[in-house]
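Trainee:
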Amino acid sequence: MSSTETTPPTRVDATTRPDDDLQGLDALETVTAQRRPVGRVLREKALPPLLGVLLVLAVWQLVYSLHVTPSYKLPSPLDVWHSLTDLWYQGSLFSIIWTSLWRGISGFLAAVAIGTPIGLIVARVRFVRAAVGPVLSGLQSLPSVAWVPAAVIWLGINDQAMYAVILLGAVPSIANGLISGVDQVPPLFLRAGRTLGARGFTSARYVLLPAALPGYLAGLKQGWAFSWRSLMAAELIASSPDLGIGLGRYLENQRDSSDMSGVLLGIILILVVGVAIDLLVFTPLENRVLRTRGLLQTGR
Amino acid sequence: MSTALTAPDATATTADTAVRLAGVHKTYGAAPVLEDIDLTAAPGEFLCLLGASGCGKSTLLNLVAGLDQPSSGSIEVPAGRPALMFQDHALFPWLTAGRNIELALRLNGTPREERRAEAERLLELVRLGGAHRKRIHELSGGMRQRVALARALAQGGQVLLMDEPFAALDAITRDLLHEELVRIWQERQLTVLFVTHNVREAVRLAQRVVLLSSRPGRIAREWRIDLPQPRRIESAAVADLSVEITEHLRGEIRRHVQH
Chain A
227 MSSTETTPPT RVDATTRPDD DLQGLDALET VTAQRRPVGR VLREKALPPL LGVLLVLAVW
287 QLVYSLHVTP SYKLPSPLDV WHSLTDLWYQ GSLFSIIWTS LWRGISGFLA AVAIGTPIGL
347 IVARVRFVRA AVGPVLSGLQ SLPSVAWVPA AVIWLGINDQ AMYAVILLGA VPSIANGLIS
407 GVDQVPPLFL RAGRTLGARG FTSARYVLLP AALPGYLAGL KQGWAFSWRS LMAAELIASS
467 PDLGIGLGRY LENQRDSSDM SGVLLGIILI LVVGVAIDLL VFTPLENRVL RTRGLLQTGR
Chain B
5 MSTALTAPDA TATTADTAVR LAGVHKTYGA APVLEDIDLT AAPGEFLCLL GASGCGKSTL
65 LNLVAGLDQP SSGSIEVPAG RPALMFQDHA LFPWLTAGRN IELALRLNGT PREERRAEAE
125 RLLELVRLGG AHRKRIHELS GGMRQRVALA RALAQGGQVL LMDEPFAALD AITRDLLHEE
185 LVRIWQERQL TVLFVTHNVR EAVRLAQRVV LLSSRPGRIA REWRIDLPQP RRIESAAVAD
245 LSVEITEHLR GEIRRHVQH
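As they're listed, the protein sequences go chains A and B. Just add 226 to wherever you are in the first sequence, counting from 1, and you've got the working numbering. Just add 4 to wherever you are in the second sequence, counting from 1, and you've got the working numbering.
#1: Measuring CB atoms only, is the region 126-143 of chain B touching the region 72-91 of chain B, in the sense that at least three cross pairs come out at less than 8 angstroms?
#2: According to DSSP, simplified to helix, strand and coil, what is G449(A)?
#3: Enumerate in chain order the residues of its own chain whose CB-to-CB distance from V186(B) is below 7 angstroms, with the five nearest sequence positions on each side excluded.
#4: Could you please give the first and the last residue of the uninterrupted alpha helix (DSSP H) stretch that includes W227(B)?
#5: Name the residue from G403(A), W373(A) and S326(A) whose alpha carbon lies nearest to the alpha carbon of G492(A).
#6: Please report the straight-line C-alpha distance between L346(A) and F353(A), rounded to a whole angstrom.
#7: Buried or exposed, going by whether 16 or more other CB atoms sit within 10 Å of the CB of S403(A)?
#8: Apply the 10 Å Cβ neighbour rule to T396(A) and answer buried if 16 or more other Cβ atoms are within range, or exposed otherwise.
#9: Over the uninterrupted alpha helix (DSSP H) stretch that includes A349(A), give me the two end residues.
#10: By how many angstroms is the C-alpha of Q480(A) removed from the C-alpha of S297(A)?
#11: May I ask which residues mark the beginning and end of the alpha helix (DSSP H) holding L181(B)?
#12: Taking Cβ positions only, does D252(A) come closer than 8 angstroms to chain B?
#13: Please classify V408(A) as buried or exposed, where buried requires at least 16 neighbouring CB atoms within 10 angstroms.
#14: Report yes if the CB atom of L53(B) is closer than 8 angstroms to the CB atom of L197(B), and no otherwise.
#15: Can you pull the chain B neighbours of G520(A), defined as C-beta to C-beta under 9 angstroms?
#16: So for Y298(A), helix, strand or coil by DSSP?
#17: Output needed in chain order: residues of the region 37-67 of chain B with a Cβ under 9 angstroms from some Cβ in chain A.
#18: Once the 5 residues before and after A22(B) are set aside, which same chain residues still bring their CB inside 8 angstroms of it?
#19: Name the chain B residues that come within less than 7 angstroms of R417(A), Cβ to Cβ?
#20: By the criterion of Cβ-Cβ separation under 9 angstroms, what are the contact partners of A206(B) in chain A?
#21: Per DSSP, A171(B) forms a beta bridge with which residues?
#22: Quick check: the Cα distance between M147(B) and F90(B), rounded to an integer number of angstroms?
#23: Given a threshold of 16 other Cβ atoms within 10 Å of its Cβ, counted over all protein chains shown, does I379(A) qualify as buried or as exposed?
#24: Does the beta-carbon of A460(A) have 16 or more other beta-carbons within 10 angstroms, so that it is buried, or is it exposed?
#25: Do you know how far the Cα of I176(B) is from the Cα of M227(A)?
#26: Using the C-alpha atoms, what's the distance from A349(A) back to D40(B)?
#27: Measure the CB-CB distance between I322(A) and A401(A) and report whether it falls below 8 angstroms.
#28: In the DSSP assignment, what are the bridge partners of H29(B)?
#29: How many angstroms separate the CA atom of F427(A) from the CA atom of L381(A)?
#30: Just the chain B side, please: which residues come within less than 8 angstroms of L443(A) by C-beta, in chain order?
#31: Let's see if you can read the secondary structure: which residues bound the beta strand (DSSP E) around D42(B)?
#32: Over what stretch of residues does the beta strand (DSSP E) that includes T1(B) continue unbroken?
#33: Using 10 angstroms around the beta-carbon of D244(B), count the other beta-carbons present and answer buried if the total reaches 16, otherwise exposed.
#34: Counting only Cβ pairs nearer than 8 angstroms, list the residues of chain B close to A424(A).
#35: Mind checking who C52(B) pairs with in its DSSP beta bridge?
#36: In terms of residue numbering, what span does the beta strand (DSSP E) encompassing L88(B) cover?
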């Protein structure tokens with residue numbers, strides 16, 4: 227500010243400037259986010275994990291070549307590759323993956339439908355929270371595989387038992403994610419909402435829920451991980467012709483026939499499916515939500 | 005631009021009262037925060053509430069906004085539901101600047117087809133015509149406060165409560181926003197209750213400055229400021245009055261320390 231200045235600062239006439247243009251101090255202070263070129267993103271984001279996988283394969287191959295353990299205990303990467311192509315030519319690769327994936331996805335969606343209202347009620351109703359909150363947190367730390375024997379006795383060895391185990395694993399995660407999301411909503415937003423005239427349901431719809439979305443998404447992500455884990459445990463333990471062959475069952479079958487490369491293939495497929503859902507569904511969703519709120523460094 | 009406005013009559017009736025507080029007390033637990041507040045703002049009046057920390061300025065605004073209830077006494081806002089602006093812009097980061105304003109319009113019952121155009125008009129009013137699609141984090145501090153002002157105006161009330169809205173801004177930006185605020189206050193003939201601990205800011209903006217004592221907050225003194233707008237914060241007239249008011253403010257703080 228100049229103290230010698232005697233006239234009021236002149237302003238650009240509003241009519242002479244283009245509509246989506248900010249001028250003066252506004253232009254100086256506006257941050258423009260720029261997207262990075264695809265090549266660079268690939269190099270920075272895809273290359274490191276690829277190198278990591280190659281490193282694991284190299285070490286694996288090295289250990290195999292040095293004959294540290296007999297090959298029936300540790301087959302080579304190539305043996306596992308052959309198990310994969312065998313499955314492919316038998317035509318059962320996709321049916322095995324799909325059996326598990328379908329169960330996992332539909333179980334997860336059911337868990338979302340159940341966990342979301344539970345989370346909302348526990349977060350907003352004090353008495354329910356005092357009663358149910360600790361139970362939910364406790365359930366979250368209980369490995370859901372512990373429910374498999376109970377589910378089998380209650381429901382039999384069938385799809386219902388599988389879904390029960392998924393729900394018991396995922397519902398607490400999803401509910402807890404929503405609860406912590408709601409807890410972390412800055413009180414200022416709720417006050418701002420109230421002064422704008424949002425009360426009760428409108429406040430929940432326009433202020434509370436959007437504000438709690440990042441926490442809720444984190445809960446969903448964890449809920450998926452728990453769904454997938456509990457399902458694999460359940461498939462591994464519960465065996466019945468009615469269930470068809472999913473990834474867990476495939477793994478157990480290969481153990482029965484002492485086919486170590488099949489076992490390793492089973493482990494790798496379970497890992498790949500779990501990670502793929504995370505990378506293809508949850509990570510982009512989460513990034514989008516965080517980026518629009520300015521909670522993420524640009525370009526990530 | 006208007007020159008010095010005439011002072012509101014002390015015996016004003018409800019018809020020409022925008023905000024009236026009568027005998028308002030507020031205690032939190034055993035501690036009195038506000039004591040015996042009698043305050044009336046006329047429609048179109050710009051009033052600054054000035055005081056050091058702990059004088060209950062923000063509590064006073066919350067009471068007028070209806071976010072809190074007085075322990076005793078009465079508060080009337082005949083001019084309709086007031087809009088409140090915070091020191092932190094409190095804009096919703098999941099919405100664009102324009103959508104934030106449209107949400108305020110939706111919540112006050114503006115029909116869907118009018119919201120977009122009205123939001124554009126309000127953004128133009130705060131000189132952010134091109135910012136409808138901008139995300140909140142893409143805006144500077146001063147721009148955010150202007151969007152917050154536009155959102156407050158979107159509520160359509162005649163009373164605007166401002167809780168140190170420019171305290172976190174740099175001096176250059178604050179100076180520009182003072183100018184915008186005075187322009188909009190005059191254009192829309194708003195009643196403004198503006199809380200600040202910055203004496204010069206109070207003298208720069210207000211027609212009437214009310215000094216509050218601290219712990220508990222009481223009305224200590226009042227000044228009517230007849231300097232014509234637009235004023236300059238660095239002008240001699242503003243400085244002189246600021247010196248006088250600062251003396252009294254210091255007196256209030258000293259008095260408090262001795263007790």
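Backbone N, C-alpha and C define an ideal beta-carbon position, used for all residues, glycine too.
Mentor: Let's see:
#1: With the rule of 3 Cβ pairs closer than 8 angstroms, the region 126-143 of chain B does not count as touching the region 72-91 of chain B.
#2: For the purposes of this step, residue 449(A) is taken as the residue at position 223 of the first sequence. G449(A): helix per DSSP, three-state reduction.
#3: Counting from one through the second sequence, the residue named residue 186(B) turns up at place 182. Excluding residues within five positions, the ones whose Cβ falls inside 7 angstroms are L209, Q233 and P234.
#4: To locate residue 227(B), count along the second sequence from 1; it is residue 223. Not the alpha helix (DSSP H): W227(B) falls in the beta strand (DSSP E), residues I223 to R228.
#5: Walking along the first sequence from the start, residue 492(A) turns up at place 266. Comparing Cα positions, the closest option is S326(A).
#6: As a working mapping, residue 346(A) is identified with position 120 in the first sequence. As a working mapping, residue 353(A) is identified with position 127 in the first sequence. Just so you know, the alpha carbons of L346(A) and F353(A) end up roughly 13 angstroms apart.
#7: As a first step, residue 403(A) must be located in the first sequence, where it is residue number 177. For clarity, residue 403(A) is Gly in the given sequence; the question names Ser instead. With 16 or more other Cβ atoms inside 10 Å of its own Cβ, G403(A) counts as buried.
#8: Position 170 of the first sequence holds residue 396(A). First, the residue type needs correcting, since residue 396(A) is Ala and not Thr in the sequence shown. By the C-beta density criterion, A396(A) is buried, having at least 16 other C-beta atoms within 10 angstroms.
#9: What you label residue 349(A) is simply residue 123 of the first sequence in a count that begins at 1. The continuous alpha helix (DSSP H) containing A349(A) extends over residues L319 to R350.
#10: Counted from its first residue, the first sequence places residue 297(A) at position 71. Counted from its first residue, the first sequence places residue 480(A) at position 254. Rounded to the nearest angstrom, the two C-alpha atoms are 16 angstroms apart.
#11: Counting from 1 along the second sequence, the entry for residue 181(B) is found at position 177. A175 to R192 is the span of the alpha helix (DSSP H), which, as asked, contains L181(B).
#12: Residue mapping note: residue 252(A) aligns to position 26 of the first sequence, counting from 1. Yes - at least one Cβ of chain B is within 8 angstroms of the one on D252(A).
#13: Residue numbering aside, residue 408(A) sits at position 182 when the first sequence is read from its first letter. Flag for V408(A) reads buried.
#14: Against the second sequence, residue 53(B) aligns to sequence position 49. Against the second sequence, residue 197(B) aligns to sequence position 193. Taking 8 angstroms as the Cβ cut-off, L53(B) and L197(B) qualify as a contacting pair.
#15: Taking the first sequence and counting its residues from 1, the one referred to as residue 520(A) is at position 294. Neighbours of G520(A) on chain B, chain order: P97, R139, I140, H141 and E142.
#16: Here residue 298(A) refers to the residue found at position 72 of the first sequence. Three-state result, Y298(A): coil.
#17: Cβ contacts with chain A: N66.
#18: Sequence index remark: in the second sequence, residue 22(B) carries index 18 (1-based). Cβ within range, chain order: A45, A46, P47, G48, E49, V81, P82, A83, Q162, V163 and T195.
#19: For this step, residue 417(A) is matched to residue 191 along the first sequence. Neighbours of R417(A) on chain B, chain order: L71.
#20: Translated into the one-based positions of the second sequence, residue 206(B) becomes position 202. Neighbours of A206(B) on chain A: none; closest Cβ ~19 angstroms, over 9 angstroms.
#21: Counting from 1 along the second sequence, the entry for residue 171(B) is found at position 167. Residue pairing of A171(B) in beta bridges, as defined by DSSP: absent, with no partner found.
#22: Against the second sequence, residue 147(B) aligns to sequence position 143. Against the second sequence, residue 90(B) aligns to sequence position 86. Those two C-alpha atoms are separated by around 14 angstroms.
#23: Position 153 of the first sequence, counting from 1, holds the residue named residue 379(A). By the beta-carbon neighbour count (other beta carbons within 10 angstroms, threshold 16), I379(A) is exposed.
#24: Counting from one through the first sequence, the residue named residue 460(A) turns up at place 234. A460(A) comes out buried.
#25: The residue given as residue 227(A) occupies position 1 in the first sequence. The residue given as residue 176(B) occupies position 172 in the second sequence. Only weak support is given to the placement of M227(A): the predicted model assigns it a pLDDT of 40, under 50, and the question is left unresolved by the model.
#26: The residue labelled residue 40(B) in the question sits at position 36 within the second sequence. The residue labelled residue 349(A) in the question sits at position 123 within the first sequence. When rounded, the distance between both Cα atoms is 39 angstroms.
#27: Here residue 322(A) refers to the residue found at position 96 of the first sequence. Here residue 401(A) refers to the residue found at position 175 of the first sequence. Between I322(A) and A401(A), the gap from beta carbon to beta carbon reaches 8 angstroms or more.
#28: Within the second sequence, residue 29(B) is the residue found at index 25, counting from 1. By DSSP's assignment, H29(B) forms a beta bridge with S76(B).
#29: For this step, residue 427(A) is matched to residue 201 along the first sequence. For this step, residue 381(A) is matched to residue 155 along the first sequence. Roughly 38 angstroms separates the two Cα atoms.
#30: Translated into the one-based positions of the first sequence, residue 443(A) becomes position 217. Those do not exist, as L443(A) stays about 12 angstroms from chain B at its closest Cβ, beyond 8 angstroms.
#31: Taking the first residue of the second sequence as position 1, residue 42(B) is located at position 38. A35 to A45 is the span of the beta strand (DSSP E), which, as asked, contains D42(B).
#32: Lying outside 5 to 263, the shown extent of chain B, residue 1(B) is not represented and no answer is given.
#33: Translated into positions along the second sequence, residue 244(B) becomes position 240. Exposed, by the Cβ-count rule.
#34: Residue numbering aside, residue 424(A) sits at position 198 when the first sequence is read from its first letter. Simply L111.
#35: Here residue 52(B) corresponds to residue number 48 of the second sequence, with the count starting at 1. Paired residues: F198(B) and V213(B).
#36: Position 84 of the second sequence, counting from 1, holds the residue named residue 88(B). From DSSP, the beta strand (DSSP E) with L88(B) extends over A87 to M89.
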